[in-house]
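Notes to accompany the following structure.
Numbering (the working numbering), first residue to last: 1 to 228.
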């Protein structure tokens, strides 16, 4: 297997076709990737300069039709009983950091930008094949928000004084524009009817006996619930 080393100041003029099965090492760091990477958990690509992008791509598509994709990664799990993750991104800190985000995905409009179809910051989807023989028995959801505490010592990390929640909804920016957002969330294509255990929207009258604690604009409220 050939190894290609690329340096930030390198500029090549001669086209050289890489051998099949090449491994590209970015910079002077070795890596554990089969194809592409830079650094390992014990030998990271590191910088002390503020506000640096470790890997940066600025792309553009000028076509007036079709849907272009900035980065497309298709990972297949082909072994029965195997598991896989398409893209795994982790932000890690072992110091008193100010901000830590695992992944940030954003759709941005310029001054003249608009859309006639769908505009979302992130779209999370599970697709099922047209196969009547498939009978999944696991837990299925279009998206998941999760807080994970790693072991007994995690109990010493007291988050009760923090603004801690499983999921957070934010409308930010200009106050006039923020006031035009009419809904907290939208639920589409759900079944409705009386309480028969199969309807997401229950049209039968229930008397609330429990509530979920939520925080809206800095104040605590209870989202009323009742057991079936």
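For each residue, glycine too, the CB sits at the ideal point set by N, CA and C.
Is the beta carbon of residue i less than 8 Å from the beta carbon of residue j?
i: residue 86; j: residue 105; result: no
i: residue 225; j: residue 204; result: no
i: residue 83; j: residue 77; result: yes
i: residue 103; j: residue 116; result: no
i: residue 212; j: residue 222; result: yes
i: residue 230; j: residue 147; result: Residue 230 cannot be examined here, being either before or after the span of the chain that is shown, 1 to 228.
i: residue 214; j: residue 201; result: no
i: residue 143; j: residue 160; result: no
i: residue 54; j: residue 45; result: yes
i: residue 60; j: residue 43; result: no
i: residue 171; j: residue 178; result: yes
i: residue 111; j: residue 119; result: no
i: residue 113; j: residue 101; result: no
With residue i as the anchor, note down where its alpha helix (DSSP H) starts and where it stops.
i: residue 219; result: Premise fails: residue 219 lies in the beta strand (DSSP E), 219-225, not in any alpha helix (DSSP H).
i: residue 178; result: 175-178
Assign residue i to one of two classes, buried (16 or more other C-beta atoms within 10 Å of its C-beta) or exposed (fewer than that).
i: residue 251; result: The first residue shown for the chain is 1 and the last is 228, placing residue 251 beyond what the model contains.
i: residue 180; result: exposed
i: residue 12; result: Bear in mind that a pLDDT of 40 at residue 12, under 50, signals an unreliable position, so the number given afterwards is only what the model happens to contain. With fewer than 16 other Cβ atoms within 10 Å, it is exposed.
i: residue 182; result: exposed
i: residue 17; result: For residue 17, the predicted structure reports a pLDDT of 48, less than 50, and the residue's modelled location is therefore unreliable. The matter cannot be settled from this model.
Where does the unbroken beta strand (DSSP E) through residue i begin, and where does it stop?
i: residue 164; result: From DSSP, residue 164 is part of no beta strand (DSSP E); its letter is neither H nor E.
Just list the residues that DSSP pairs residue i with in beta bridges.
i: residue 216; result: 219
i: residue 94; result: BP columns for residue 94 are empty, so no partner.
i: residue 192; result: 201
i: residue 211; result: 224
Subject >> Inside the stretch 33-77 only - alpha helix (DSSP H) runs reaching at least 4 residues >> reply: none
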